[in-house]
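Please read the structure below before turning to the comments.
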Amino acid sequence: MAKFLQLAPMQAMTDIHFMNTYHKIFGGFTEMMAPYLMAASNSRMKVQNLQKYFSELNSEITLIPQLLSNDAQGFLHYANVLHDMGFQKVNWNLGCPFPYVTKKQRGSGLLPFPDRIEDILEQVMPHLGSSLSIKIRLGLHHPDEILPIIDILNKFDIEETIIHPRTAAQKYEGTANKGFFKEIYPKFNMPIIYNGDIINKAKVDEMEADFDGIKGYMIGRGAFINPFITNQINNISHSDEEKIKLFSDFYYELHNYYKAKTITDHGFLGRMKDLWFYFAQSFEKGDSYLFALKTINEIPIFETAVSNILASGKLKRTSIVSKE
Ligand SMILES: Cc1cc2nc3c(=O)[nH]c(=O)nc-3n(C[C@H](O)[C@H](O)[C@H](O)COP(=O)(O)O)c2cc1C
334 MAKFLQLAPM QAMTDIHFMN TYHKIFGGFT EMMAPYLMAA SNSRMKVQNL
384 QKYFSELNSE ITLIPQLLSN DAQGFLHYAN VLHDMGFQKV NWNLGCPFPY
434 VTKKQRGSGL LPFPDRIEDI LEQVMPHLGS SLSIKIRLGL HHPDEILPII
484 DILNKFDIEE TIIHPRTAAQ KYEGTANKGF FKEIYPKFNM PIIYNGDIIN
534 KAKVDEMEAD FDGIKGYMIG RGAFINPFIT NQINNISHSD EEKIKLFSDF
584 YYELHNYYKA KTITDHGFLG RMKDLWFYFA QSFEKGDSYL FALKTINEIP
634 IFETAVSNIL ASGKLKRTSI VSKE
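FYI, in our numbering the residues of the sequence shown are 334 to 657.
Below, the structure is given as structure tokens:
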């Protein structure tokens, strides 16, 4: 049976076009989570803009919108707008680690304040049309911060919790704390999804043995570093020739879309360089490709360099069994 896999939200990376393209070329994600929308009572986010944004989504994709909020009324307002638009599940971001978010007690900035989390849930849960999922880190500063929050989450009817076992202080560095995850996930009384550092099937195989009974896995950077990952996890393999063809199709769908949509050359190249930060890691010699691409400031030169990479570059053999 196919594994339950959720695409992680990545602000400015996993936009609707990325989701549509990944779904078209590779498929394999059971659900995709959209990057956070700020849900405050005084937010100027317009319903028409949300409708327009989400209307471009391929209807075969099950998308979960995510809200960043420390404000029960703002959360409820936008969650119910999204529910009216047809979304059956909404996610609350309790993980964003960036100081401009955390210092306002949003994202993982709420983790040292379990009473506030409880208060928000008490106000939100009775009036929420959709089901609620939670995406959480271990803490703002210390992993132990999550412990009292587990008891709070267990009091509510929460659909599932996605745990990224790092503190906010770690940002995305170091390794995810799988040992701590293993200790705490059985304490939750709702389905649990593991998130963090999954870049190939071998990582999932290790976890399958270790984390008995979890619902599934959320994958973010791995979908860029190794876009074959969903297929590998589901035991669908490709020859080297098929892989480079799929990768090129995937790449050019993104490239051509962003080229048409981005107003300035600088903006377009910036966007593509952000993508290549991850894509380069798919290739042997990827570091040298990235180094070269980063120095290019003209689109035709950039495009020639990319086509050379795709013509002669070797994709890494992220084999379905090897431990990388
Ligand atoms: C560029 C970037 C943007 C991100 N944006 C969001 C976001 O909007 N909401 C969220 O919950 N997590 C966000 N994350 C965190 C990811 O969803 C995920 O939890 C994290 O990258 C760890 O998973 P991974 O190792 O599979 O990438 C972001 C991460 C990155 C690298």
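A virtual CB, placed ideally from N, CA and C, is assigned to each residue, including glycine.
**Item:** Element boundaries [beta strand (DSSP E), containing residue 528]
**Value:** The residue you call residue 528 lines up with position 195 of the sequence shown. 525–528 is the span of the beta strand (DSSP E), which, as asked, contains residue 528.
**Prompt:** DSSP three-state call for residue 643: helix, strand or coil?
**Reply:** Numbered from its first residue, the sequence shown carries residue 643 at position 310. Note: residue 643 maps to helix in three-state DSSP.
**Residue span of the beta strand (DSSP E) that contains residue 340, given as start and end** = Position 7 of the sequence shown, counted from the first residue, corresponds to residue 340. 338–340 is the extent of the beta strand (DSSP E) around residue 340.
**Request:** Grab the span of the alpha helix (DSSP H) containing residue 555 for me, first residue to last.
**Result:** Position 222 of the sequence shown holds residue 555. From DSSP, the alpha helix (DSSP H) with residue 555 extends over 555–558.
**Message:** Restricting to Cα atoms, I'd like to know which of 611, 634, 531 and 633 is closest to residue 338.
**Reply:** Taking the sequence shown and counting its residues from 1, the one referred to as residue 338 is at position 5. The residue with the shortest Cα to Cα distance from residue 338 is 531.
**Prompt:** Assuming residue 420 contacts residue 453 under a Cβ cut-off of 8 Å, what Cβ separation, rounded to an integer in Å, is found between them?
**Reply:** Here the question's residue 420 lines up with position 87 in the sequence shown. Here the question's residue 453 lines up with position 120 in the sequence shown. 19 Å between Cβ atoms; not a contact.
**Message:** Just to confirm, is the Cβ distance from residue 394 to residue 356 under 7 Å?
**Reply:** Walking along the sequence shown from the start, residue 394 turns up at place 61. Walking along the sequence shown from the start, residue 356 turns up at place 23. Yes, the pair counts as a contact, with Cβ atoms nearer than the cut-off.
**Asked** Cβ of residue 521 within 7 Å of Cβ of residue 494?
**Response** On the sequence shown, residue 521 is found 188 positions in, with the first residue counted as 1. On the sequence shown, residue 494 is found 161 positions in, with the first residue counted as 1. The answer is yes: Cβ separation under 7 Å.
**Request:** Helix, strand or coil for residue 618, going by three-state DSSP, please let me know.
**Result:** In the sequence shown, residue 618 corresponds to position 285, counting from 1. Three-state DSSP puts residue 618 in coil, outside helix and strand.
**Prompt:** Which residues mark the beginning and the end of the alpha helix (DSSP H) in which residue 432 is found?
**Reply:** Sequence index remark: in the sequence shown, residue 432 carries index 99 (1-based). Start and end: 432–435.
**Prompt:** According to DSSP, what are the bridge partners of residue 423?
**Reply:** Locating residue 423 in the sequence shown gives position 90, where the first residue counts as 1. DSSP, once it has assigned bridges, lists 465 as partnering residue 423.
**Asked** Skipping 5 residues on each side, what residues in its chain have a beta carbon closer than 7 Å to that of residue 343?
**Response** Along the sequence shown, read from residue 1 onward, the residue named residue 343 stands at position 10. So the qualifying residues of the chain are 368 and 553.
**Asked** Does DSSP put residue 603 in a helix, in a strand, or in coil?
**Response** Position 270 of the sequence shown, counted from the start, is the residue given in the question as residue 603. If DSSP states are grouped into helix, strand and coil, residue 603 belongs with the helices.
**Request:** Taking only the alpha-carbon atoms, compute the straight-line gap between residue 440 and residue 434 and give it to the nearest angstrom.
**Result:** Here the question's residue 440 lines up with position 107 in the sequence shown. Here the question's residue 434 lines up with position 101 in the sequence shown. Spanning the two alpha carbons is a distance of roughly 6 Å.
**Item:** C-alpha gap between residue 360 and residue 334, whole angstroms
**Value:** Working through the sequence shown from its first residue, we reach residue 360 at position 27. Working through the sequence shown from its first residue, we reach residue 334 at position 1. The straight-line gap from Cα to Cα measures roughly 15 Å.
**Prompt:** Comparing the CB of residue 554 with every heavy atom of ligand 1, is any distance shorter than 6 Å?
**Reply:** Within the sequence shown, numbered from 1, the residue matching residue 554 stands at position 221. Because some heavy atom of ligand 1 lies under 6 Å away, the Cβ of residue 554 counts as near it: yes.
**Asked** Between the Cα of residue 489 and the Cα atoms of 499, 500, 513 and 460, which residue gives the shortest distance?
**Response** The count along the sequence shown starts at 1 and reaches residue 489 at position 156. The candidate whose alpha carbon is nearest that of residue 489 is 460.
**Message:** Please identify the residue among 519, 542, 572 and 500 whose C-alpha is closest to the C-alpha of residue 529.
**Reply:** The residue given as residue 529 occupies position 196 in the sequence shown. That would be 500, whose Cα lies nearest to the Cα of residue 529.
**Asked** Of the choices 510, 572 and 561, whose alpha-carbon is the least far from that of residue 540?
**Response** Sequence index remark: in the sequence shown, residue 540 carries index 207 (1-based). Per the Cα distances, 510.
**Item:** Contact set for residue 596: own chain, Cβ-Cβ below 8 Å, skip 5 residues either direction
**Value:** On the sequence shown, position 263 is the one that residue 596 refers to. Contacts found: none.
**Prompt:** What's the gap between the Cα of residue 475 and the Cα of residue 386?
**Reply:** To locate residue 475, count along the sequence shown from 1; it is residue 142. To locate residue 386, count along the sequence shown from 1; it is residue 53. Near 37 Å, if we compare the C-alpha coordinates of residue 386 and residue 475.
**Prompt:** Of the residues 403, 346, 415 and 512, which one's Cα is nearest the Cα of residue 604?
**Reply:** Sequence index remark: in the sequence shown, residue 604 carries index 271 (1-based). Comparing Cα positions, the closest option is 346.
**Beta-carbon proximity of residue 663 to residue 607, cut-off 7 Å** = An answer regarding residue 663 cannot be provided, because it is not within the stretch 334 to 657 covered by the chain.
**Message:** Is any non-hydrogen atom of ligand 1 found closer than 6 Å to the C-beta of residue 341, if you look at the structure I gave you?
**Reply:** As a first step, residue 341 is located in the sequence shown; it is residue number 8 there, counting from the start. Correct: residue 341 has its Cβ closer than 6 Å to ligand 1.
**Message:** Beta-carbon within less than 8 Å of residue 438's beta-carbon, same chain only, minus the 5 sequence neighbours each way: which residues are those?
**Reply:** For the purposes of this step, residue 438 is taken as the residue at position 105 of the sequence shown. The answer, listed in chain order, is 403, 446 and 449.
**Item:** residue 472 beta carbon near ligand 1 (any heavy atom closer than 6 Å)
**Value:** Position 139 of the sequence shown, counted from the start, is the residue given in the question as residue 472. Result no, Cβ not under 6 Å from ligand 1.
**Item:** Residue(s) in a DSSP beta bridge with residue 399
**Value:** The residue labelled residue 399 in the question sits at position 66 within the sequence shown. DSSP lists 424 as partners of residue 399.
**Request:** Return the chain-ordered list of same chain residues with a C-beta closer than 7 Å to the C-beta of residue 498, the five sequence neighbours on each side being excluded.
**Result:** For the purposes of this step, residue 498 is taken as residue 165 along the sequence shown, with counting starting at 1. The residues are 471, 509, 510, 511, 513, 514 and 529.
**Request:** Would you kindly check if the distance between the Cβ of residue 548 and the Cβ of residue 517 is under 7 Å?
**Result:** Your numbering for residue 517 matches position 184 in the sequence shown. Your numbering for residue 548 matches position 215 in the sequence shown. It is not a contact, given that the beta carbons lie outside the stated cut-off.
**Prompt:** On the premise that residue 424 lies in contact with residue 468, defined as a C-beta separation below 8 Å, what is that separation, rounded to the nearest angstrom?
**Reply:** Stepping through the sequence shown from its first residue, residue 468 is reached at position 135. Stepping through the sequence shown from its first residue, residue 424 is reached at position 91. Right, their Cβ atoms sit about 6 Å apart.
**Message:** Buried or exposed, going by whether 16 or more other CB atoms sit within 10 Å of the CB of residue 436?
**Reply:** The residue given as residue 436 occupies position 103 in the sequence shown. Flag for residue 436 reads exposed.
**Message:** At the level of alpha carbons, what is the spacing between residue 370 and residue 389?
**Reply:** By 1-based counting over the sequence shown, the position of residue 370 is 37. By 1-based counting over the sequence shown, the position of residue 389 is 56. If you take the alpha carbons of residue 370 and residue 389, they lie about 17 Å apart.
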